[in-house]
Amino acid sequence: MVSSSPTLDNTWGAALIGMILASILYGITTLQLYIYFNNYPNDERRLKILAIVTWLLDTTSLVLVCNGVYTYLVTDMHQRKELLKVNRSLDLDPLIMGCIGLLTHTYLGARVWRVCNKNTFLAMVLGILTCSLFGVAVAATVMSFEFTYWSEKASMKPLALAGTVLLVLLDTLIASILCIYLVKQRATGRDLRRVVRRVIIFAINTGLASSVLSVVNLVMFFAFPETMIFLATNFIFSKVYANCLLANLNARESLRSKGYLDDDAPSLNLSALRDTVVSPIVYRGPESHIGSQPSLNMSIVPGKSKDNLFSPA
1 MVSSSPTLDN TWGAALIGMI LASILYGITT LQLYIYFNNY PNDERRLKIL
51 AIVTWLLDTT SLVLVCNGVY TYLVTDMHQR KELLKVNRSL DLDPLIMGCI
101 GLLTHTYLGA RVWRVCNKNT FLAMVLGILT CSLFGVAVAA TVMSFEFTYW
151 SEKASMKPLA LAGTVLLVLL DTLIASILCI YLVKQRATGR DLRRVVRRVI
201 IFAINTGLAS SVLSVVNLVM FFAFPETMIF LATNFIFSKV YANCLLANLN
251 ARESLRSKGY LDDDAPSLNL SALRDTVVSP IVYRGPESHI GSQPSLNMSI
301 VPGKSKDNLF SPA
């Protein structure tokens, strides 16, 4: 195992970097919220509440992080013993992170459940994984309050490993199911293949970001147990999930503008191109009057929507 002696750089320096990154991502989250309410003023109330609650939780997380880092770097800077102690505001961050993750996975899980014809078994699996991951966050918060010094955090390694495994498994499962569903749409047109490919990439990136971040955080926690390098990634967890949820909500506008999303519901219309009906081409020969030109007339009639990928329930 790699070990490193604690210094100001790899302890509170790392925490400061994490706070800066978290602040940047929080700005993006706020922008995502603005875009959502600007593009979807008539969206369902439950989705609006979901977006607002997610943003409020993310705001709370940033406030706790800033308070903790400020206390260490300013208030207690010349009190060495206090620098070794755990700040209680930072102990609450795993719980906030767990709440945001619960909302995000519930939304994505409901979307998967819908496109899989409301499969009960699949819903149970996703529900168990989601609740288990939230349980790990609650347990981590409770354990953190039992510690006094940062050095005692090393005893949380089994819990950190369990949380990472659950998170990677859940995100991979959700992304895989969405991709498999899209592949089975049997896209035939070039435009339809393009939109399916884009949504597949979006689904993969959605789960990939949080999974990679979780693995990196675990490696930092195991490899450098005497430092606080893991805080640099830990502080931005909630921001990644908040952006993931709001990005999924905002992605509907782009798809709707291209005709792949229904106007009356947040549903991905994969049949928009596949079920398109092209009327016969009619050739109109020269007219009797001078100056007329032959013409080809063709009309396109979109088919009815059948696939609802982006509907949350």
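FYI, in full-length UniProt numbering the residues of the sequence shown are 1 to 313.
Don't be surprised by glycine CBs; every beta carbon is placed ideally from N, CA and C.
Keep in mind it's a predicted model, so treat the numbers as computed, not measured.
*asked:* Between L218 and L161, how many whole angstroms is the CB-CB distance? I'm expecting something under 8 Å.
replied: 7 Å
*Taking Cβ to Cβ, would you say T164 is nearer than 7 Å to S210?*
no
*Among A154, P158, A247 and L208, the one whose alpha carbon lies nearest that of S176*: L208
*Is it a yes or a no for the region 35-47 touching the region 90-99, going by three-plus beta-carbon pairs under 8 Å?*
no
*Since W55 and L33 are thought to touch, with beta carbons under 8 Å apart, how far apart are those beta carbons, to the nearest angstrom?*
5 Å
*asked:* Quick check on the burial criterion: 16 or more other C-beta atoms within 10 angstroms. Buried or exposed for C99?
replied: buried
*Roughly how many angstroms separate the alpha carbons of R114 and K239, rounded to a whole number?*
26 Å
*asked:* Among the candidates G13, L129, F224 and V53, whose CA atom is the shortest distance from the CA of L246?
replied: V53
*asked:* At the level of alpha carbons, what is the spacing between N117 and N234?
replied: 36 Å
_Coil, strand or helix - Y149 by DSSP_ = strand
_Rounded to the nearest angstrom, what separates D9 and V125 at their Cα positions?_
42 Å
_Quick check on DSSP: helix, strand or coil for E85?_
Inspection of the sequence shows that residue 85 is occupied by Lys rather than by Glu. K85 falls in the strand class under three-state DSSP.
*Is F121 buried or exposed, if buried means 16 or more other CB atoms sit within 10 Å of its CB?*
exposed
_Rounded separation between F20 and A242 - CA only_ = For clarity, residue 20 is Ile in the given sequence; the question names Phe instead. C-alpha separation (whole angstroms): 17 Å.
*Please go through the same chain and pick out, in chain order, the residues whose beta-carbon is closer than 7 Å to the beta-carbon of P280, but skip the five residues on each side of it.*
Only weak support exists for where P280 lies, its pLDDT of 43 falling under 50; the coordinates are left without a value.
*Distance between T148 and L73 (C-alpha atoms, nearest Å)*: 18 Å
*asked:* Quick check on the burial criterion: 16 or more other C-beta atoms within 10 angstroms. Buried or exposed for A14?
replied: buried
*Between which two residues does the alpha helix (DSSP H) harbouring C116 extend?*
First-last for C116: undefined, no H or E at that position.
*Going along the chain, which residues of its own chain have a beta-carbon closer than 7 Å to the beta-carbon of K153, five neighbours each way excluded?*
F147
*Between L50, I180, A223 and L178, which lies nearest to T104 when the distance is taken from Cα to Cα?*
L50
_In whole angstroms, give me the CA-to-CA distance for W12 and F145._
20 Å
*Would you give the residue range spanned by the alpha helix (DSSP H) that W55 belongs to?*
R45 to Y70
*asked:* Taking only three categories from DSSP, how would you classify F230?
replied: helix
_Burial state of G109 (16 or more Cβ within 10 Å)_ = buried
*asked:* Taking 7 Å as the threshold (C-beta atoms), are I229 and A22 in contact?
replied: no
*Assign T130 to buried or exposed, taking buried as 16 or more other Cβ atoms, counted over all protein chains shown, within 10 Å of its Cβ.*
buried
*In three-state terms, what does DSSP make of Q79?*
coil
*Please go through the same chain and pick out, in chain order, the residues whose beta-carbon is closer than 7 Å to the beta-carbon of L167, but skip the five residues on each side of it.*
L133, S210, S211 and S214
*Does DSSP classify L166 as helix, strand or coil?*
helix
*Output the boundary residues of the alpha helix (DSSP H) element that contains Y34.*
A14 to N39
*Given a cut-off of 7 Å, decide if I174 and V136 are closer than it, judged by their beta-carbon atoms.*
no
_Close-in-space but distant-in-sequence residues of the same chain around V63 (CB under 7 Å, 5 per side omitted)_ = none
*Classify T227 as buried or exposed, calling it buried when 16 or more other Cβ atoms lie within 10 Å of its own Cβ.*
buried
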